[in-house]
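> Per this note's numbering, residue 29 is the first one in the sequence shown, and the count goes up by one each step.
Positions of the beta carbon are idealized from the N, C-alpha and C atoms, including for glycine.
Mind looking over this structure? Questions follow.
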Amino acid sequence: MNLLVHVLNASHVFTRKLHVHRPEIVPPSFDWREHIDVGRVHQQGHCQSCWAFSAAGSIDYLIKQKRPDLEVDVQALLDCTPKTQGCEGGVMDKVFRYDGVFPVRTPAGYHYDAQQHKCARNGKGVRVTEFRVLEHPEKYLNYLVNMFGPISAAVDFRGLAMQHGHVQHCGENPNHAVLVVGYTPDYWIVKNSFGNRWGDHGFAYVPKGKCGIDTYASFATGIEWYI
Numbered sequence: 029m030n031l032l033v034h035v036l037n038a039s040h041v042f043t044r045k046l047h048v049h050r051p052e053i054v055p056p057s058f059d060w061r062e063h064i065d066v067g068r069v070h071q072q073g074h075c076q077s078c079w080a081f082s083a084a085g086s087i088d089y090l091i092k093q094k095r096p097d098l099e100v101d102v103q104a105l106l107d108c109t110p111k112t113q114g115c116e117g118g119v120m121d122k123v124f125r126y127d128g129v130f131p132v133r134t135p136a137g138y139h140y141d142a143q144q145h146k147c148a149r150n151g152k153g154v155r156v157t158e159f160r161v162l163e164h165p166e167k168y169l170n171y172l173v174n175m176f177g178p179i180s181a182a183v184d185f186r187g188l189a190m191q192h193g194h195v196q197h198c199g200e201n202p203n204h205a206v207l208v209v210g211y212t213p214d215y216w217i218v219k220n221s222f223g224n225r226w227g228d229h230g231f232a233y234v235p236k237g238k239c240g241i242d243t244y245a246s247f248a249t250g251i252e253w254y255i
């Protein structure tokens, strides 16, 4: 069962035209972990909710610009995002399209339980107002990560082999979602949702041009607060 559903069939909506001005001007290496709190690494468990954790990372970047002490409620993303399959898979842009409000919590209030429940609508929190969805984003991914924050991306970790967090072998047909938090000249730095014992404390270095990472990317660019 694919963790990431219908990647290639996702509709591609741009709320505003994305202008890429001189992508070559960004630094050759960049890591958001050195600049902001990208949040702790979570464990999705038996629930195939990677899409929710990936999307949450993009939303959290916007939340923390105003409230560094808060993060979006991942359980609410899993419970409430329409047109997904919950613990059977989903796509990150469906989270960004949701017209409701996702609650926010402090890390101490984290209560994910690896199950999808009935959506408990909440009038307080944040709503995504703008987002981008891109096919074949790798050409500009350095620029996007540098200018827009961590980016939700699709990868194929089947047949995965790693050494010290560096991916040595992987598939090329994405079925999993991660959060791209940085890059080097040769690698994408990704945050996974398999717990902090996976990879390099929950992160991995994916070789550029590998693991199907050039298939799909999405990210939130605007939120509205309801507090």
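Roughly how many angstroms lie between the CA atoms of D121 and M175, to the nearest whole one?
Roughly 19 Å between the two C-alpha positions.
> Tell me whether the stretch 217-231 and the stretch 67-79 touch, counting them as touching only if at least three CB pairs, one residue from each stretch, are closer than 8 Å.
Touching, yes, given that three or more Cβ pairs across the two stretches are closer than 8 Å.
> Nearest-angstrom Cα distance between A148 and A205?
Cα to Cα, the separation comes out at about 25 Å.
> Under the three-state reduction of DSSP, which class applies to F185: helix, strand or coil?
If DSSP states are grouped into helix, strand and coil, F185 belongs with coil.
> If contact is defined by three or more beta carbon pairs under 8 Å, each pair taking one atom from either stretch, is the stretch 206-215 in contact with the stretch 60-69?
Yes, the stretch 60-69 is in contact with the stretch 206-215.
> Who are the near neighbours of P55 in its chain, counting only those whose CB is closer than 8 Å to its CB and skipping five residues on each side?
Hits under 8 Å: N174.
> If I follow the unbroken beta strand (DSSP E) through V234, where does it start and stop?
Element bounds for V234: F231 to P235.
> Identify the continuous alpha helix (DSSP H) that holds R125 and give its terminal residues.
Its alpha helix (DSSP H) spans residues M120 to R125.
> Quick one: is I91 buried, meaning 16 or more other Cβ sit within 10 Å of its Cβ, or exposed?
Per the 10 Å Cβ criterion, buried.
> Looking only at C-alpha atoms, which of V119, L98, W253 and V161 sits nearest to R133?
Cα-wise, what sits closest to R133 is L98.
> Taking buried to mean at least 16 other C-beta atoms within 10 Å of its own C-beta, is G250 buried or exposed?
That one is exposed.
> In terms of residue numbering, what span does the beta strand (DSSP E) encompassing Y168 cover?
Premise fails: Y168 lies in the alpha helix (DSSP H), E166 to F176, not in any beta strand (DSSP E).
> Once the 5 residues before and after N224 are set aside, which same chain residues still bring their CB inside 7 Å of it?
Correct list, in chain order: V69 and G230.
> On a Cα-Cα basis, can you pick out the residue from V123, Q93, P235 and N150 that is closest to F270?
There is no way to answer for residue 270, as the model of the chain reaches only from 29 to 255.
> Any idea what DSSP makes of A248, helix, strand or coil?
Strand, per DSSP.
> Which value, in whole angstroms, describes the spacing of the CA atoms of D127 and C108?
Roughly 10 Å separates the two Cα atoms.
> Taking the runs of the alpha helix (DSSP H) that are 4 residues or longer, which of them lie wholly in the stretch 59-128?
Runs found: 78-94, 102-108 and 120-125.
> What are the start and end residues of each continuous beta strand (DSSP E) run of 3 or more residues lying completely inside the stretch 140-167, in chain order?
As far as the stretch 140-167 is concerned, its whole beta strand (DSSP E) runs of at least 3 residues are 153-163.
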